[in-house]
Structure formats: C-alpha cells, structure tokens
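I have placed the structure first, in the form of structure tokens, so that the comments after it can refer back to it.
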Amino acid sequence: MDSYQRKRRYQEEQSSDDDNYTPYIPLKERRKMELEKKEKLLKKKSNTVEKVKEVEKPEKTKEELIISAPVPNVSLLDQHSELKKIAEAVKESHYDKQLKEEEKILESIAERKALMAVGEIAKGIVYTESIKTGWTPPRYIKNMPEEKFHKIRKKWHILVEGSDIPPPIKTFKEMKFPRPIINALKKKGIVHPTPIQIQGLPAVLMGRDMIGIAFTGSGKTLVFTLPIIMFSLEQEKALPFQRNEGPFGLIVVPSRELARQTYDVITYLTRALEADGFPTLRTSLCIGGSSIKDQTEAMKRGVHMVVATPGRLMDLLDKKILTLDTCRYLVLDEADRMIDMGFEEDVRTIFSYFKSQRQTLLFSATMPKKIQNFAKSALVLPVTVNVGRAGAANLDVIQEVEYVKQEAKIVYLLECLQKTPPPVLIFAEKKKDVDDIHEYLLLKGVEAVAIHGDKDQEERVHAVQGFRQAVKDVLVATDIASKGLDFPDVQHVVNFDMPEDIENYVHRIGRTGRCGKTGIATTFINKSCDESVLLDLKHLLLEAKQKIPPVLAALQADNEEYLELGDERGCAYCGGLGHRITECPKLEAMQSKQAGNIGRRDYLAHGSADW
C-alpha cells in the first residue's frame, strides 16, 4: 500500500470518529455559493428600492416603458409596433412639457401695461367699436357669398384674423379711388393691387384697426398712405383746416430715410389730386437733423398729415408745437423694429397725447407673436392681414451664402460686385466697416456713397438721392437703410457681415426682388458669426427652398425635433426658425440687460443718497 492510500484511509477513519467534521468543498464551488448569496441580497435591496421609486415616481421613463413592453408569445412585428406607440406617447408627453414651458416664458414676458393713453387708463375708457368712415365697398361685392372671398384669399395666400372681416377687392377702381390717384399710380407702373393691398385697403378704408404683415417690397406703404389721403380730403371738403390746426393723420417710422420716402409718396399723390382741381392737402416731415423752425412754420399753417420719427415727434409734442387733439389716424410703420430699437416708451408717450379714439395701424415684414400680442392691447377689434409667414424671406430673392475669412472679405467684395450690373447695396453691421468699405471702393474707382447714423442729415439725403437716381452705383450702409426703403432697381444686396438677428437679415435682403422682380442676396459668413443666428439662417433658407452651403448644413440645433411645435414655428419671441423660445439668445440678452439695469439703478440710488 503506497503512502497516498494510507493517508486517505487515515482521513476516513478520523472523519467517522469526529462529529464536527466539515466535508471538503472545492474552491470553484465555494465561489459559486458566495455569488448566489450576494445575488440574493442584491435582489432584496433592488426590490425595496423599486417599491420606494414606485411610491415616489409613478410615471415611468421611456426606457422602462420600452423594457416593460410585452415580449413572450408575440411576433417581432407586433413588438415593434407596440414599442413605436410607446415611444410616440413618450415623445408627445415631452412635447406637452415643452409647450407648457414655452407658455410660462411667454406669460412671464407678456406686456402688462396696455398701449393706451394715460387718460383712457385712468378713466377706465375702453373702446368697443371701430371708427366709422364714409367708405363702403360696392354693393355687388358686399352681396357676394363668403366662399368667393375665401377663394380670392386662398389664391393670393392671404391669411386673415378677426371678426367681421371686410371683403377683399381686386381693383383700385372698385375701391372708389379718384381718377387722378389711379392715373398717378399707373405712371409709377402700379396697375393692380398687391395681395396685402387687396385685403388691407378695404379694411383700413372701413375704419378698422389693423396689423399688416407682408414680405418687403409687397406694397405696404400704399395700404396706409392712400386711406390717410382720402380721409384728409374728406375732412378738408367738409370743413377746411385753419391755422394751427391738425394733423388729422400721423405716421411714425423708425428712420429718417424711411420718413422721407413715405413723405415723398404722399406728396406725389396729393399733388396729382391738386393738379386735377381737388383741394390742397398739406403734409409735414418731422425728422431729426433738419430745421425745427421750418417744421414749426409748417404746423402754424395747419397740416393734414405728419410723417415723423419718434425722437423729433416727442420733441415737438413736448414743446406743444404739435398737438394730437384732432388726430384720428395713427400708423406705426416697421412697428416691431421701433419697439426693438428702444422706442417703446416713446410710443407709449405718443399715445398719451391723443384726446379721443383713433384708428391704429401697425405694419412690418417681421412681427413675432410677442409684438402682435403687445400691439393688440392698443387696437379695437383688430384685423390681422398676413401675406405669407411673418418674418419669411421674399421668394423673389435668390439667397447665396458664402464662407469668407474675415481678412479676405473686403477684397472678395470687388468680385461679388461683378455678379450683377449696378445699382448694388452693401450692408455692414459697424459704422467703421461702412467707412472702410466706402473708402476702399472709391480707391478702386467704384462710384460709391455711404450712410450711417453718425453722418449729418444733408450728407445722408444726398447719398440716398444719388443712389436712387442712378448717379452712384453702390450704396454702403448700416441697418438704417434696411427698413422699408424702396430701391426698385437694385438687383444685388451684399451682406458684408451676418446681422446679429435674423429679422435684420430679412429686412436687408428685402431691398432687392421688389415689385415682382428677381434679385440676388450674397451673405458672407465665417467663424466669428453667432451659431444661433446661423441656425436661423439655415432654416430660413430651407423654408425658401434655397441652396444650403455645407458649413450651414453641418449645423444641428440641440432640440431639432422641437423646431416645429404647436401653432408657432421656431421662436415666438424673435421669430427665428432655428431655435425655440426656451433657447432664444435675444430673450436671454434682454433679460440680462434688465437684470443689470435693476442692479445699476439700485446702486446709483444708494450712491445719490450718500452724496
């Protein structure tokens, strides 16, 4: 018997004698047993945690819903459809959550102060009916069925909101304009009304308050200038205006150039009426940079209509040179831009000078819901006339976006000028860039002029006139030339830099492609551009079915699936299509500014007390 067998027998004999003997368990088996024990403990803990979670959080997450979907004895196709339904339900709940969050933001920034005269607020005066005028549509149009009006609006892509909407009218003759007015419009090549005029003019002529939204170059100016002339003519015929009387109508615009352009349109039409034997209608232009003495003299003679910028108008009202006692017609052209440019308090003050109800009209190419809701507090039974989406680009403009390095932009500009014959309009964000581009083009032998806020009024007028009369080939400007100015022959707009918000971009490119003509807009972008603005630009190009450059195509929004949600596309605050209001940089900047101003005011208040 060998040593191993002897050892084995000895162990067996010992085990039979020892009651406390523990049989030998291999290492592998021992580890397996330990793991089973740990698994049981973990299972107990997880069960208790799940019970607590069920009490605290009854709603399941997307992953839990998908995992808990029925699997046994169900085909893969059925499982897939079930999981799809669950995912959609989860997505819908996220959408609802997003919409609720946006509603809270809109509510928090909603304007609490009504856009009304102080006296009206103090006395609790609320107007419930629109102003009555002497104009009515022709009887045969009035008696047409509503389906006919719906077809006309659908054909011209006119969207209307409001109660008791006036009928759309397709000719100036049916709108009952005098023969001299129709002939004067024909001389300018205007034979048929544009879509905004088809619906807008009847609404204004009937005395309705209105919000007019249409792309740039669509003929919005005539929608408010023609009725103001007709109303003033009616007043002058009934009872002629005396010295120091008037105005009957007031048009407020954000820039001097736009004010002069509107004044020129009214003057052209009133002179056509006067030449045909109608009474003389006097119009005054009240803008900064020109003699206040001349404007005072014009007021003393009595005026029917005033076209003004907010700053000069406030000055005249404050000095009692101008009164609004008899004013019954108020127009805010480019209304959203005025409020954005910081004229909101001025607009409120202007309202406080009115002594009775007035017909109020607001016009712009870009008007986010925030501005529309703010405006409706001042309007009585308003009609909203919208041709296309508010803030949409003009489809007659071919938009080209090119990646150009900052240092190469000014040199590449000359190459861009070769795309089309003159006149060409170049926009830059900074006044210094405008001066640099102007100087560079003059050195290269280009007939160029420039305008910006630091140039005196005479120089600005001379530059715009030279460009409009084709004496100069290129106009270099800041955004003061982007709002409402009409240059019918401009075939090309160059954005030397991308503006800080998409609304300015829409206004800029709208200087070309006017009155049905086709134009080109070239925009330089590079790494210095803000990504949120580039995302807005990308989605604006997609909407207009334009070519997307690779640098924009590569950009993706964080919440891409939420860009089209509810009734509102994109941002309800600024109108940008590349983000929602929850990620709006403009809103964030505004809130930061307000917070900074509050802190600063408190600090200054304490400082003044100490002094």
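Position in the sequence shown counted from 1, then plus 628, gives you the working numbering.
Beta carbons are placed, not taken as given, at the ideal position from N, Cα and C, and that holds for glycine.
Opposing strand residues paired with residue i [DSSP bridges]
i, result
"aspartate 961", "Phe991"
"proline 912", "Residue 912 is actually serine in this sequence, not proline. Answer by DSSP bridge pairing, in chain order: Val934."
"glycine 603", "In the structure as shown, the chain begins at 629 and stops at 1239. Residue 603 is therefore absent and cannot be evaluated."
"valine 1102", "Val1052, Ala1076"
"glutamate 1030", "Phe1152"
"isoleucine 841", "Ser992, Asn1014"
"valine 819", "BP columns for valine 819 are empty, so no partner."
"isoleucine 857", "Partner(s): none; isoleucine 857 has no beta bridge."
"valine 1025", "Gly1147"
"isoleucine 786", "Val1015"
Span of the alpha helix (DSSP H), counted from its first residue to its last, around residue i
i, result
"asparagine 771", "Where asparagine 771 is concerned, there is no enclosing alpha helix (DSSP H), given that its DSSP letter is neither H nor E."
"asparagine 1132", "1130-1137"
"threonine 977", "972-980"
"valine 1062", "1059-1071"
"alanine 900", "884-903"
"valine 1161", "1159-1171"
"glutamate 1086", "1085-1096"
"isoleucine 826", "823-833"
"leucine 1180", "1178-1181"
Rounded distance between the beta-carbons of residue j and residue i, thought under 8 Å
i, j, result
"valine 1102", "valine 1039", "The Cβ separation is near 16 Å, so there is no contact."
"aspartate 1125", "phenylalanine 1152", "6 Å"
"isoleucine 1130", "threonine 1140", "Incorrect: roughly 17 Å between the Cβ atoms, too far for contact."
"methionine 834", "threonine 761", "6 Å"
"proline 1049", "leucine 901", "Not really, about 37 Å apart at Cβ, beyond 8 Å."
"phenylalanine 982", "alanine 1006", "Not really, about 10 Å apart at Cβ, beyond 8 Å."
"threonine 890", "aspartate 961", "7 Å"
"lysine 848", "isoleucine 826", "Between isoleucine 826 and lysine 848 the Cβ distance is about 13 Å, and since that is not below 8 Å, they are no contact."
"histidine 1135", "serine 1110", "4 Å"
"leucine 913", "threonine 898", "Contact flag wrong, Cβ pair sits at about 13 Å."
CB contact check: residue i to chain B, cutoff 9 Å
i, result
"glycine 828", "The structure shown contains no chain B; it is built from a single protein chain."
Residue burial classification, residue i (beta-carbon count within 10 angstroms, cutoff 16)
i, result
"alanine 1237", "Bear in mind that the predicted position of alanine 1237 carries a pLDDT of just 35, short of 50, making it unreliable; the figure below should be weighed with that in mind. Exposed, since its Cβ has fewer than 16 Cβ neighbours within 10 Å."
"tyrosine 1201", "buried"
"valine 680", "With a pLDDT of 48 at valine 680, under the threshold of 50, the modelled position of this residue cannot be trusted; read the value that follows with caution. By the neighbour-count rule (16 or more Cβ atoms within 10 Å), valine 680 is not buried but exposed."
"isoleucine 824", "buried"
"threonine 756", "exposed"
"glycine 1203", "buried"
"glutamate 1086", "exposed"
"aspartate 1082", "exposed"
"glycine 1073", "exposed"
"arginine 836", "buried"
"leucine 704", "exposed"
"leucine 861", "buried"
"glutamine 987", "buried"
"isoleucine 1054", "buried"
"glutamate 691", "Confidence at glutamate 691 is low in this model, with a pLDDT of 46, below 50, so the placement of that residue should be treated as unreliable; the coordinate-derived value is given next. So glutamate 691 counts as exposed."
"methionine 661", "exposed"
"proline 686", "Only weak support is given to the placement of proline 686: the predicted model assigns it a pLDDT of 49, under 50, and the value that follows is read from those uncertain coordinates. So proline 686 counts as exposed."
"valine 683", "Residue confidence is low: valine 683 scores 48 on pLDDT, short of 50, so the model does not pin down where it sits. Its coordinate-derived value is still stated next. By the neighbour-count rule (16 or more Cβ atoms within 10 Å), valine 683 is not buried but exposed."
Extent of the continuous beta strand (DSSP E) run through residue i
i, result
"cysteine 1044", "Taken as a continuous stretch (DSSP letters only), cysteine 1044 belongs to no beta strand (DSSP E), being part of the alpha helix (DSSP H) at 1037-1044."
"phenylalanine 869", "That residue, phenylalanine 869, is in no beta strand (DSSP E); it is neither H nor E in DSSP."
"histidine 1120", "1120-1123"
"isoleucine 1148", "1147-1153"
"methionine 803", "Neither: methionine 803 is in no beta strand (DSSP E) and is coded neither H nor E."
"valine 1011", "1011-1015"
"lysine 793", "First, the amino acid is wrong: residue 793 is isoleucine here, not lysine. Careful: isoleucine 793 lies outside any beta strand (DSSP E) and carries neither H nor E."
"isoleucine 1054", "1052-1055"
CB of residue i within 9 Å of CB of residue j, strictly
i, j, result
"alanine 842", "valine 1104", "no"
"arginine 1142", "glutamate 885", "no"
"alanine 1078", "valine 1099", "no"
"aspartate 974", "leucine 941", "yes"
"methionine 927", "asparagine 872", "yes"
"threonine 1150", "valine 1029", "yes"
"valine 893", "threonine 853", "yes"
"leucine 952", "isoleucine 920", "no"
"proline 806", "methionine 772", "no"
"valine 1025", "leucine 989", "no"
"serine 1156", "glutamine 985", "no"
"alanine 993", "serine 883", "no"
"proline 765", "proline 868", "no"
"valine 1015", "histidine 785", "yes"
"glutamine 1174", "lysine 1145", "no"
"glutamate 802", "isoleucine 769", "yes"
"leucine 1180", "valine 1122", "no"
"glycine 790", "proline 1010", "yes"
"glutamate 1128", "glutamate 1057", "yes"
Residue i CB to nearest heavy atom of the ligand PLP below 8 Å
i, result
"lysine 779", "Absence of the ligand PLP is noted for the structure shown, with no ligands found whatsoever."
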